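Participant: Counting from 1 along the sequence shown, just add 136 to a position and that's the residue number in the numbering used here.
Built from N, CA and C at the ideal position, the CB exists for glycine as well.
Given the structure is predicted, the values throughout are model-derived calculations rather than measurements.
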Amino acid sequence: MTEQTVLAGAIGVVAGVLLALTLVLVRSLAKGSRDLGGEVERATSRTLHIAGLAAAELRGGETPDSARAARHLRTLLGAQAVAVLLGGDGDAEVATDGTIAGLETSARRIAEQVRSTGRRQVFPRRGSRDGTPGEAVGAPMIVDGEVRGVLVAFAETVRGPLVRATGEVAEWCATQIVLTELEASRAGLAEAELRALRAQISPHFIYNSLAAIASFITTDPERARTLVLDFADFTRYSFRQEGEFTTLAQELVGIRHYLELERARFGDRLDVRLRIAPETLSTVIPFLSVQPLVENAVRHGLEPLAEGGRIVIAADDEVTHTEISVEDDGAGMDPEQVRQALSGPLLTTHVGLRNVDTRLRRVYGPGGGLTVETNIGAGTMIRMRIPKSQPLHETDAP
Numbered sequence: 137m138t139e140q141t142v143l144a145g146a147i148g149v150v151a152g153v154l155l156a157l158t159l160v161l162v163r164s165l166a167k168g169s170r171d172l173g174g175e176v177e178r179a180t181s182r183t184l185h186i187a188g189l190a191a192a193e194l195r196g197g198e199t200p201d202s203a204r205a206a207r208h209l210r211t212l213l214g215a216q217a218v219a220v221l222l223g224g225d226g227d228a229e230v231a232t233d234g235t236i237a238g239l240e241t242s243a244r245r246i247a248e249q250v251r252s253t254g255r256r257q258v259f260p261r262r263g264s265r266d267g268t269p270g271e272a273v274g275a276p277m278i279v280d281g282e283v284r285g286v287l288v289a290f291a292e293t294v295r296g297p298l299v300r301a302t303g304e305v306a307e308w309c310a311t312q313i314v315l316t317e318l319e320a321s322r323a324g325l326a327e328a329e330l331r332a333l334r335a336q337i338s339p340h341f342i343y344n345s346l347a348a349i350a351s352f353i354t355t356d357p358e359r360a361r362t363l364v365l366d367f368a369d370f371t372r373y374s375f376r377q378e379g380e381f382t383t384l385a386q387e388l389v390g391i392r393h394y395l396e397l398e399r400a401r402f403g404d405r406l407d408v409r410l411r412i413a414p415e416t417l418s419t420v421i422p423f424l425s426v427q428p429l430v431e432n433a434v435r436h437g438l439e440p441l442a443e444g445g446r447i448v449i450a451a452d453d454e455v456t457h458t459e460i461s462v463e464d465d466g467a468g469m470d471p472e473q474v475r476q477a478l479s480g481p482l483l484t485t486h487v488g489l490r491n492v493d494t495r496l497r498r499v500y501g502p503g504g505g506l507t508v509e510t511n512i513g514a515g516t517m518i519r520m521r522i523p524k525s526q527p528l529h530e531t532d533a534p
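(1) Taking one C-beta from the stretch 344-358 and one from the stretch 378-389 each time, how about it: are there three or more such pairs within less than 8 Å?
(2) Evaluate Thr-419 with the Cβ neighbour count: other Cβ atoms within 10 Å of its Cβ, from every protein chain shown; 16 or more gives buried, anything less gives exposed.
(3) Is the separation between the beta-carbon of Val-279 and that of Arg-256 shorter than 8 Å?
(4) Taking just the CA atoms, how far does Thr-316 sit from Gly-197?
(5) Report yes if the C-beta distance between Ala-231 and Ala-247 is below 8 Å; otherwise report no.
(6) Any chance the stretch 405-424 sits against the stretch 361-370, with 3 or more Cβ pairs inside 8 Å?
(7) Cα separation between Ile-518 and Gly-468?
(8) Helix, strand or coil: which one does DSSP assign to Ser-169?
(9) Who are the near neighbours of Ile-522 in its chain, counting only those whose CB is closer than 7 Å to its CB and skipping five residues on each side?
(10) By the three-class DSSP mapping on this structure, what secondary structure does Pro-523 have?
(11) If we count the other Cβ atoms within 10 Å of its Cβ and call it buried at 16 or more, is Asp-470 buried or exposed?
(12) Rounded to whole angstroms, what's the CA-CA distance from Gly-168 to Gln-216? Just pull it up for me.
(13) For Gly-254, count the other beta carbons within 10 Å of its own beta carbon; 16 or more makes it buried, fewer makes it exposed. Which is it?
(14) To the nearest angstrom, report how far apart Leu-221 and Val-286 are at their CA atoms.
(15) Compute the distance between the beta-carbons of Val-417 and Thr-382, then report whether it is under 8 Å.
(16) Within the same chain, show all residues whose beta-carbon is closer than 6 Å to that of Ile-412, passing over the 5 residues directly before and after it, in chain order.
(17) Within 8 Å of any Cβ in chain D, is that where the Cβ of Glu-292 sits?
(18) Please list the terminal residues of the continuous alpha helix (DSSP H) segment that includes Ala-366.
(19) Helix, strand or coil: which one does DSSP assign to Leu-315?
(20) Taking DSSP as the reference, what is the three-state secondary structure of Val-492?
(21) Please report how far the alpha carbon of Thr-211 lies from the alpha carbon of Asp-233, in whole angstroms.
(22) Return the residue from the list Pro-440, Arg-401 and Phe-375 that minimises the CA-CA distance to Asn-344.
(23) Comparing C-alpha positions only, which one of Ile-512, Thr-362 and Gln-427 sits nearest to Val-448?
(24) By Cβ distance below 6 Å, which residues in the same chain neighbour Arg-207 in space, the five residues on each side in sequence not counted?
(25) Any idea what DSSP makes of Asp-404, helix, strand or coil?
(26) For Asp-453, which option in Thr-355, Pro-414, Thr-293 and Glu-463 has the closest C-alpha, if you only look at C-alpha atoms?
(27) Following the continuous beta strand (DSSP E) through Ile-278, name the residue where it begins and the one where it ends.
(28) Can the beta-carbon of Ser-425 be found less than 8 Å from the beta-carbon of Arg-497?
(29) Hey, could you find the ends of the alpha helix (DSSP H) Arg-475 is sitting in?
(30) Can you give me the C-alpha to C-alpha distance between Val-218 and Gly-281, rounded to a whole angstrom?
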C-alpha cells in the first residue's frame, strides 16, 4: 500500500468523524432549540411572570392592590373566581375577581371558617340559596402561627390539583406578607437611624452658632446675615425628607454650611482643605454619612486644642468605588475607645460614628463600615468605601 493511499484513507476517516460530530451537534442544537421553546418551558415562564405581577401588587407597601392581585392569582390558579382577604379578622377587606353573584358574601363566610381552624378546607356545593358558585377551596395565609389572610378559589367542581395549588399559592402569599413587613421594618430602621443622627445636632452646637451670629450683628451685619442663611440651610438639609440617600455633592454643600458656622466660632483656628476628584461628586451615599465625620473631627479633634488644627476632606476615584476620607491633625482618640464605640456597648460619646458605621454596614454589607486610624495626640483619619454602582439606591438629588 502506497504512502499516498494511507494518507488518503486517514483523511477519509477524519472527514467521516468530523461529519458525524457535526450531525450530532446539529441535532443537539435543534433539540435544545425545541426544548427551550417547549410547552413546559413556556408554561413555566408564564407562571413565573404572573406570580411576579401578583407579588408586585401584594407588596405594594401600606396599601397593596388586592383587586389586581386577585386577578393575577385567578389566572395563576385557573379558577372560575378568586377572593383575597388580607387581615386577621372578619373586617378584612375582600378583593375578588370573577363575575359571580354573591361572591364577596360567600368569600367572607368561607374565610371565617378557614380562620377558625387555621387549615385549608374544601366547601362542597350548597345549591343557590346563598349564591355560592359551585364549589370552593379556602386556604389560610399563616405568618408566625397567625392567620393573616385567606385565599379562596371557586370552581364548578373543585378537584385535587386546585386544592393543592390553592394551599401552595396561599403559602406563597404569606411569604409576600412577610417580605412586605421586613421591607417596612427596614424602612422604619433607616428612619430611626436618621432621627438619631439628627438628634446629635447638639443644643451646644445650636447655642454656639446662635451666639456667634449674635456677636456679628452689630460689628458685621452682613456676616451675621450670611451666617443666619448658613444656619437655615444646614438645618434644612439635616432635616430634609427626600429619602435615605443623597449625592456626595449635596452632602458637601451641607458640610460647607456647617463649617461656616464653626468658622465663625473658631476663626483662624479652623483650617479646612478639600481634595475632591470631580468624577466622585455624583457618587450616591447614605444621607448624613460624611457630615457626622466632619463634626467628629471638629468636636473631638480640634476643639480640645487651643491652637485648633486642620481638617482634610478627600474623595478619590478607585474605579469601582469612591473612597471618602475625613482626616484631622488634632487630639486623636484612644483606639480601644473607638473600637468600643463602634462595636461594643453603646457609649455616650462618638454616637454619630457608630450610627454612620451601622448604616454603612446595613447598606453595603459587613465589610462596608468605617475604617478608623487614630491614636492619642496623633490625629484621626476615618475612611469609607462606597460602590459606584448602586441601582437599588435612588436619590432625587441632582
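Facilitator: According to the structure data:
(1) no
(2) Indexing the sequence shown from 1 puts residue 419 at position 283. Thr-419 is buried by the Cβ-count criterion.
(3) Counted from its first residue, the sequence shown places residue 279 at position 143. Counted from its first residue, the sequence shown places residue 256 at position 120. The answer is no: Cβ separation not under 8 Å.
(4) Numbered from its first residue, the sequence shown carries residue 197 at position 61. Numbered from its first residue, the sequence shown carries residue 316 at position 180. Model confidence at Gly-197 stands at a pLDDT of 47, short of 50, so the residue's coordinates are unreliable; what they give is reported in the following sentence. Using only the alpha carbons, I get a separation of about 7 Å.
(5) Sequence index remark: in the sequence shown, residue 231 carries index 95 (1-based). Sequence index remark: in the sequence shown, residue 247 carries index 111 (1-based). In this structure, Ala-247 does not lie closer than 8 Å to Ala-231 by Cβ.
(6) no
(7) Against the sequence shown, residue 518 aligns to sequence position 382. Against the sequence shown, residue 468 aligns to sequence position 332. It is roughly 11 Å from the alpha-carbon of Ile-518 to the alpha-carbon of Gly-468.
(8) If you number the sequence shown from 1, residue 169 lands on position 33. Reliability fails at Ser-169, whose pLDDT of 45 lies under 50, so the model's placement of it is uncertain and the value that follows must be treated cautiously. Secondary structure at Ser-169: helix, using DSSP grouped into helix, strand and coil.
(9) Numbered from 1 along the sequence shown, position 386 holds the residue referred to as residue 522. Within the same chain, Cβ atoms closer than 7 Å to the Cβ of Ile-522 are found at Thr-419, Ile-421, His-457, Thr-458 and Ile-460, the five residues on either side in sequence being excluded.
(10) Stepping through the sequence shown from its first residue, residue 523 is reached at position 387. Looking at Pro-523 - three-state DSSP - the assignment turns out to be strand.
(11) Counting from one through the sequence shown, the residue named residue 470 turns up at place 334. Label assigned to Asp-470: exposed.
(12) The residue labelled residue 168 in the question sits at position 32 within the sequence shown. The residue labelled residue 216 in the question sits at position 80 within the sequence shown. Confidence at Gly-168 is low in this model, with a pLDDT of 48, below 50, so the placement of that residue should be treated as unreliable; the coordinate-derived value is given next. Distance between the alpha carbons of Gly-168 and Gln-216: 36 Å.
(13) Along the sequence shown, read from residue 1 onward, the residue named residue 254 stands at position 118. Classification of Gly-254: exposed, given that the 10 Å Cβ count is below 16.
(14) As a position in the sequence shown, residue 221 is number 85, starting the count at 1. As a position in the sequence shown, residue 286 is number 150, starting the count at 1. Whole-angstrom Cα-Cα distance: 5 Å.
(15) By 1-based counting over the sequence shown, the position of residue 417 is 281. By 1-based counting over the sequence shown, the position of residue 382 is 246. Here residue 417 is Leu; the residue named in the question, Val, does not match the sequence. Result no, Cβ atoms of Leu-417 and Thr-382 do not sit closer than 8 Å.
(16) Counting from one through the sequence shown, the residue named residue 412 turns up at place 276. The answer, listed in chain order, is Ala-451.
(17) Given the protein chain composition of this structure (a single chain), no chain D is represented.
(18) The residue labelled residue 366 in the question sits at position 230 within the sequence shown. The sequence shown places Asp at residue 366, rather than the Ala named in the question. Start and end: 357-374.
(19) As a position in the sequence shown, residue 315 is number 179, starting the count at 1. Leu-315: helix per DSSP, three-state reduction.
(20) Taking the sequence shown and counting its residues from 1, one reaches residue 492 at position 356. Helix, per DSSP.
(21) The residue given as residue 211 occupies position 75 in the sequence shown. The residue given as residue 233 occupies position 97 in the sequence shown. Whole-angstrom Cα-Cα distance: 10 Å.
(22) Taking the sequence shown and counting its residues from 1, one reaches residue 344 at position 208. It is Arg-401 whose Cα lies nearest to the Cα of Asn-344.
(23) As a first step, residue 448 is located in the sequence shown; it is residue number 312 there, counting from the start. Cα-wise, what sits closest to Val-448 is Gln-427.
(24) Your numbering for residue 207 matches position 71 in the sequence shown. Counting only Cβ-Cβ distances below 6 Å, and skipping sequence neighbours, we find Asp-233.
(25) Translated into the one-based positions of the sequence shown, residue 404 becomes position 268. Here Asp-404 sits in helix by DSSP.
(26) Locating residue 453 in the sequence shown gives position 317, where the first residue counts as 1. Comparing Cα positions, the closest option is Pro-414.
(27) In the sequence shown, the residue the question calls residue 278 occupies position 142. Per DSSP, Ile-278 belongs to the beta strand (DSSP E) from 271-279.
(28) Walking along the sequence shown from the start, residue 425 turns up at place 289. Walking along the sequence shown from the start, residue 497 turns up at place 361. No, the pair does not count as a contact, with Cβ atoms beyond the cut-off.
(29) Along the sequence shown, read from residue 1 onward, the residue named residue 475 stands at position 339. Where Arg-475 is concerned, the enclosing alpha helix (DSSP H) stretches over 471-479.
(30) Against the sequence shown, residue 218 aligns to sequence position 82. Against the sequence shown, residue 281 aligns to sequence position 145. Approximately 24 Å, taken between the alpha carbons.
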